[in-house]
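Residue numbers for the sequence shown follow the UniProt record's numbering, so the first one is 1 and each next one is one higher.
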Amino acid sequence: MTANKRDYGDLLVLMALAGFTLWYLLDAIRVSSAIQNLLLILPLSLVVLAIVALEMGMRLKKGTLLVREEREGEPLHRTLPVVGLFAAYVLSLETLGFDVATVLFIAAFLVLKGERHWPLLGGYSLAFGFGVAFFFAQMLPYPMHMLILPG
Numbered sequence: 001m002t003a004n005k006r007d008y009g010d011l012l013v014l015m016a017l018a019g020f021t022l023w024y025l026l027d028a029i030r031v032s033s034a035i036q037n038l039l040l041i042l043p044l045s046l047v048v049l050a051i052v053a054l055e056m057g058m059r060l061k062k063g064t065l066l067v068r069e070e071r072e073g074e075p076l077h078r079t080l081p082v083v084g085l086f087a088a089y090v091l092s093l094e095t096l097g098f099d100v101a102t103v104l105f106i107a108a109f110l111v112l113k114g115e116r117h118w119p120l121l122g123g124y125s126l127a128f129g130f131g132v133a134f135f136f137a138q139m140l141p142y143p144m145h146m147l148i149l150p151g
């Protein structure tokens, strides 16, 4: 492998993800090792670290960890609308509420990605959007602005 074909980007991202996860977990344990504090943080941290280790192991086994893949990514003209849609979603949370904004974001994203089966698109957007909004409203210790669901 020549030096100009080496790519350390993927390795750096995996190491940064593992490092941040370990730092966050150790800081959470340092602050409070109570079960209530670690109930979500510990299992999620272990899952993230396992995924990082699995990815690094698979890439080392294939010999592709430091190799730049010559493949075309998604073109910029297809990526920018998604970035704009996400920005609109974040900016609309206060106005539309977390529940309605999430449903609309999911529906618009599916349309951008080519979904044209309207009953499936509407049903999935409503079920997943309201499900996520309800879940976070119940799990987070502070009130969330909702338009339809009780907040």
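Cβ atoms here follow ideal geometry from the backbone N, Cα and C, with glycine treated the same way.
Computed from a predicted model, the values in this text were never measured in an experiment.
Take the Cβ of residue i as the centre, count every other Cβ of all protein chains shown within 10 Å, and call the residue buried at 16 or more, exposed below.
{"i": "GLY129", "result": "buried"}
{"i": "SER45", "result": "buried"}
{"i": "LEU22", "result": "exposed"}
{"i": "ALA16", "result": "exposed"}
{"i": "LEU96", "result": "buried"}
Counting only the same chain and skipping the five closest in sequence on each side, list residues whose C-beta sits under 7 Å from that of residue i.
{"i": "TYR89", "result": "ALA101, PHE105"}
{"i": "VAL103", "result": "SER125, LEU126, GLY129, PHE130"}
{"i": "ALA133", "result": "PHE98, ASP99, THR102, MET146, LEU149"}
{"i": "residue 157", "result": "No statement about residue 157 is possible, as the shown extent of the chain runs from 1 to 151 and does not include it."}
{"i": "LEU76", "result": "none"}
Starting from the C-beta of residue i, find all residues in its chain whose C-beta is less than 8 Å away, skip the five residues before and the five after it, and write them out in chain order.
{"i": "GLU55", "result": "LEU14"}
{"i": "TYR24", "result": "ILE41, SER45"}
{"i": "GLU115", "result": "LEU121"}
{"i": "ARG6", "result": "LEU66, VAL67, ARG68"}
{"i": "MET58", "result": "none"}
Pull up the CB-CB distance for residue i and residue j, whole angstroms please, since I reckon it's below 8 Å.
{"i": "ILE29", "j": "LEU38", "result": "7 Å"}
{"i": "LEU49", "j": "ALA18", "result": "6 Å"}
Looking only at its own chain, which residues have a Cβ that is under 6 Å from the Cβ of residue i, when we skip the five neighbours before and after it?
{"i": "MET1", "result": "Reliability of the predicted coordinates at MET1 is poor, the pLDDT of 45 falling under 50, and the value obtained from them is presented with this limitation in mind. So the list is empty, once near-sequence residues are dropped."}
Cβ of residue i less than 9 Å from any chain D Cβ?
{"i": "LEU121", "result": "No chain D appears in the structure shown, which is made up of a single protein chain."}
Handout entry: Uninterrupted alpha helix (DSSP H) stretches inside the stretch 57-111 (no shorter than 4 residues)
Key = Those alpha helix (DSSP H) runs which fall completely within the stretch 57-111 and span 4+ residues do not exist here.
Exercise for the section: Give a yes or no on contact between the stretch 51-65 and the stretch 9-21, applying the rule of three or more CB pairs nearer than 8 Å. Expected result: Inter-segment contact for the stretch 51-65 and the stretch 9-21 is present: three or more beta-carbon pairs are separated by less than 8 Å.
Practice task
Would you be able to state if there are at least three C-beta pairs under 8 Å between the stretch 76-88 and the stretch 106-119?
Solution key: Yes, since at least three Cβ pairs between the stretch 106-119 and the stretch 76-88 fall closer than 8 Å, the two stretches touch.
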